[in-house]
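In what follows, a structure is listed as structure tokens, so that the remarks can point back to it.
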Amino acid sequence: MIQTVRGVHDILPVETPLWQLLEARALAIFGQYGFAEIRTPLFEKTELFARAVGAATDIVEKEMYTFADRGGDSLSLRPEGTASVVRTFVQQSMHRQLPWKVWYRGPMFRYERPQKGRQRQFHQIGCELFGPAGPLADAELMAMVMRYLTDLGLQASLVLEINSLGCPDCRAPYRDLLIATLRTLVAHLCEDCQNRIERNPLRVLDCKRENCRATLANAPSMLDHLCAGCANHFSSLKTHLNHLGIPYRVNPFMVRGLDYYNRTAFEVTSTGLGAQNAVAAGGRYDGLVAQMGGTSTPAIGFAMGMERLVLLLNRETTLPSSTDVFLATLGERGENAGLLLAEAIRKEGLAVELNLSGGSLKSQMKRADRSKARFALMLGDTEIEKNVVIVKDMTLGQQQEIRWSEAPVFLANLCRVGP
Ligand code: HAM
2 MIQTVRGVHD
12 ILPVETPLWQ
22 LLEARALAIF
32 GQYGFAEIRT
42 PLFEKTELFA
52 RAVGAATDIV
62 EKEMYTFADR
72 GGDSLSLRPE
82 GTASVVRTFV
92 QQSMHRQLPW
102 KVWYRGPMFR
112 YERPQKGRQR
122 QFHQIGCELF
132 GPAGPLADAE
142 LMAMVMRYLT
152 DLGLQASLVL
162 EINSLGCPDC
172 RAPYRDLLIA
182 TLRTLVAHLC
192 EDCQNRIERN
202 PLRVLDCKRE
212 NCRATLANAP
222 SMLDHLCAGC
232 ANHFSSLKTH
242 LNHLGIPYRV
252 NPFMVRGLDY
262 YNRTAFEVTS
272 TGLGAQNAVA
282 AGGRYDGLVA
292 QMGGTSTPAI
302 GFAMGMERLV
312 LLLNRETTLP
322 SSTDVFLATL
332 GERGENAGLL
342 LAEAIRKEGL
352 AVELNLSGGS
362 LKSQMKRADR
372 SKARFALMLG
382 DTEIEKNVVI
392 VKDMTLGQQQ
402 EIRWSEAPVF
412 LANLCRVGP
């Protein structure tokens with residue numbers, strides 16, 4: 002038997018309603034903030050990710066699905082969405098229409114070690130906002146993420162963490178200082194951290210190993226070395242969040258795994274997810290558009306892991322049944338009449354499951370139970386002679402005869418009122 006590739010999963014029909022809920026709420030809530038959906042290709046030239054995400058990042062060095070196409074070009078499945086959106090921004094000269102606000106959803110691919118909440122094909126919902134440089138945009142974007150998560154009922158287990166990564170001007174001297182400090186601590190750091198000291202020293206701060214964390218507890222913090230512009234940006238962001246009443250925690254050790262960030266970085270973590278606890282993550286990338294050949298334009302964005310949201314939702318959400326009416330039929334006449342009646346009821350906008358596999362009335366009523374339909378209809382010879390159908394309210398357990406011709410509107414009215 003051929004099975005799915007490791008770290009890659011089917012999303013089964015029992016789960017898709019939750020995924021659809023996540024997407025529907027994104028459409029509604031991001032729309033309130035002026036974001037429109039964009040759909041970019043699933044694969045791009047490898048060079049796009051190497052240049053945008055950073056050649057020395059784990060994502061580009063170790064995790065991309067890269068292949069040569071038949072023409073010999075090196076292509077990669079997208080490991081994230083920002084690089085493609087920036088490419089579109091530059092390709093379509095969107096700097097003429099600022100602010101440009103887009104959101105996206107879809108699969109991303111990273112060759113990571115699979116574990117709970119971490120797959121090789123996973124899905125993100127993300128947003129990118131181009132144009133505004135000030136902290137107002139950062140605060141509004143965070144308000145939008147938190148509104149989205151609160152709307153899903155998830156706020157209780159979530160923490161918003163923020164940090165500033167400075168700008169090239171203040172980060173360069175800080176980086177030198179950090180490298181000098183790390184060199185003195187090298188013997189106490191794990192192998193990964195040792196390898197990162199010269200190439201990507203900020204990532205060392207992000208190491209999750211207890212030993213490294215303890216060693217780094219007194220390492221110099223970017224927040225103490227921000228230039229005046231970056232310090233003002235960060236302090237205004239905090240003021241805005243306070244005004245909005247959005248709780249947050251400053252985490253000076255949060256360093257993102259992608260190179261394009263400057264100034265604001267943020268993550269929303271959950272206490273309910275174990276090691277892979279980031280539900281949403283993002284930040285500013287004011288230099289990326291120019292770096293990718295476009296007209297210099299500040300930008301900020303984030304992405305949420307849909308699998309992680311589904312894990313959190315699964316525990317707390319019971320979705321309403323998608324079936325309004327189950328139609329049980331007896332005998333050939335019942336089946337023929339049922340086929341027409343089901344169509345007439347669907348025309349009124351209801352979801353009808355017509356029994357398609359015969360069986361006794363008892364077994365059909367079991368199926369009706371399983372379908373969680375609000376109403377079960379029964380149609381056999383007796384009912385057909387009388388031009389009626391039996392309507393059973395599955396919640397109340399009561400049943401009555403309704404004239405066949407009146408049944409669709411009768412049921413539609415009851416379903417519109419709600420249980
Ligand atoms: P990221 O932190 O790499 O950022 O990913 C964002 C979110 O995607 C994570 O917080 C997590 O919820 C989810 N995620 C990442 N990798 C996996 C995985 N292997 N399995 C399951 N979920 C995963 C970015 O991708 C940036 N593009 C975000 C951004 C947008 N920054 C600015 N704009």
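Every letter in the sequence shown is one number past the one before it in this note's numbering, and letter 237, counting from 1, is 238.
Virtual Cβ for every residue (Gly too), placed ideally from N, Cα, C.
Relative to the C-alpha of G360, which residue among G350, E384, A352, G332 is closest? By 1-based counting over the sequence shown, the position of residue 360 is 359. Of the listed residues, the one whose Cα sits closest to G360 is G332.
If we cut at 9 Å on Cβ distances, does G283 have a partner in chain C? The structure shown contains no chain C, having only a single protein chain.
Can you list the beta strand (DSSP E) stretches of 3 or more residues lying completely in the segment 90-131, in chain order? For the segment 90-131, whole beta strand (DSSP E) runs of length 3 or above, ordered along the chain, are 101-110, 122-131.
Specify the secondary structure class of F235 as computed by DSSP and reduced to three states. Taking the sequence shown and counting its residues from 1, one reaches residue 235 at position 234. Reduced to three states, the DSSP call for F235 is helix.
Are there any heavy atoms of ligand 1 lying less than 8 Å away from the beta-carbon of R119, as far as the coordinates show? In the sequence shown, residue 119 corresponds to position 118, counting from 1. Flag set: Cβ of R119 near ligand 1.
Environment of D139 [buried if 16+ CB atoms lie within 10 Å]: By one-based count along the sequence shown, residue 139 stands at place 138. Residue burial is scored here from C-beta neighbours: D139 has at least 16 other C-beta atoms within 10 angstroms and is therefore classed as buried.
Measuring from the CB of I180, is there a heavy atom of ligand 1 at a distance below 8 Å? Position 179 of the sequence shown, counted from the first residue, corresponds to residue 180. For I180, the distance from the CB to the nearest heavy atom of ligand 1 is not below 8 Å.
T298, enclosing alpha helix (DSSP H) - first and last residue: In the sequence shown, residue 298 corresponds to position 297, counting from 1. Under the DSSP assignment, T298 falls outside any alpha helix (DSSP H); it carries neither an H nor an E label.
Where the beta strand (DSSP E) through T216 begins and ends: Against the sequence shown, residue 216 aligns to sequence position 215. From DSSP, T216 is part of no beta strand (DSSP E) but of the alpha helix (DSSP H) over 211-217.
What do you reckon, is the C-beta of I163 under 8 Å from a heavy atom of ligand 1? By one-based count along the sequence shown, residue 163 stands at place 162. For ligand 1, not one heavy atom lies less than 8 Å from the Cβ of I163.
I163 and A266: beta carbons closer than 9 Å? Numbered from 1 along the sequence shown, position 162 holds the residue referred to as residue 163. Numbered from 1 along the sequence shown, position 265 holds the residue referred to as residue 266. Cβ distance < 9 Å, so I163 and A266 count as in contact.
If you draw a straight line from the alpha carbon of A92 to that of G295, how long is it in whole angstroms? Here the question's residue 92 lines up with position 91 in the sequence shown. Here the question's residue 295 lines up with position 294 in the sequence shown. What sits at residue 92 in the sequence shown is Gln, not Ala. Cα-Cα distance, rounded: 8 Å.
What span of residues does the beta strand (DSSP E) with C36 cover, start to end? Along the sequence shown, read from residue 1 onward, the residue named residue 36 stands at position 35. One detail in the question is off: residue 36 reads as Phe in this sequence, not Cys. Note, F36: premise wrong, no beta strand (DSSP E); not H, not E.
Do you know whose CA, among A281, A173, D287, lies nearest C228's CA? The residue you call residue 228 lines up with position 227 of the sequence shown. Measuring C-alpha to C-alpha distances from C228 to each of A281, A173, D287 identifies A173 as the nearest.
Any idea which residues DSSP pairs R404 with across the strands? Locating residue 404 in the sequence shown gives position 403, where the first residue counts as 1. By DSSP's assignment, R404 forms a beta bridge with V389.
List the residues that DSSP assigns as beta-bridge partners of K46. Translated into positions along the sequence shown, residue 46 becomes position 45. For K46, which the question treats as bridged, DSSP gives the partners L76.
Buried versus exposed, by CB contacts within 10 Å (16 or more), G35: The residue given as residue 35 occupies position 34 in the sequence shown. So G35 ends up on the exposed side.
Considering only the alpha carbon of each residue, which of D260, V353, F123, A408 lies closest to F327? The residue given as residue 327 occupies position 326 in the sequence shown. Here the closest residue by C-alpha is V353.
Please work out which residues of its chain come closer than 6 Å, Cβ to Cβ, to R285, disregarding the five sequence neighbours upstream and downstream, and give them in chain order. Counting from one through the sequence shown, the residue named residue 285 turns up at place 284. Sequence-distant partners of R285 (beyond 5 residues in either direction) whose C-beta falls short of 6 Å from its own C-beta, in its chain, are N263, R264, T265, I301.
Close beta carbons around Y105, own chain, < 6 Å, minus the five adjacent residues each side: To locate residue 105, count along the sequence shown from 1; it is residue 104. Apart from the 5 residues on each side of it in sequence, Y105 sits with its Cβ closer than 6 Å to the Cβ of I39, G82, G127 in its chain, given in chain order.
Taking 9 Å as the threshold (C-beta atoms), are Q401 and I385 in contact? On the sequence shown, residue 385 is found 384 positions in, with the first residue counted as 1. On the sequence shown, residue 401 is found 400 positions in, with the first residue counted as 1. No.
Under the three-state reduction of DSSP, which class applies to T58: helix, strand or coil? Here residue 58 refers to the residue found at position 57 of the sequence shown. Residue state for T58 is assigned as coil, using DSSP reduced to three classes.
Is it buried or exposed, I346, if we count other Cβ atoms within 10 angstroms and call 16 or more buried? Locating residue 346 in the sequence shown gives position 345, where the first residue counts as 1. Buried: at least 16 other Cβ atoms inside 10 Å.
Where do the ends of the alpha helix (DSSP H) carrying G335 lie? By one-based count along the sequence shown, residue 335 stands at place 334. Per DSSP, G335 is one residue of the alpha helix (DSSP H) stretching across 332-348.
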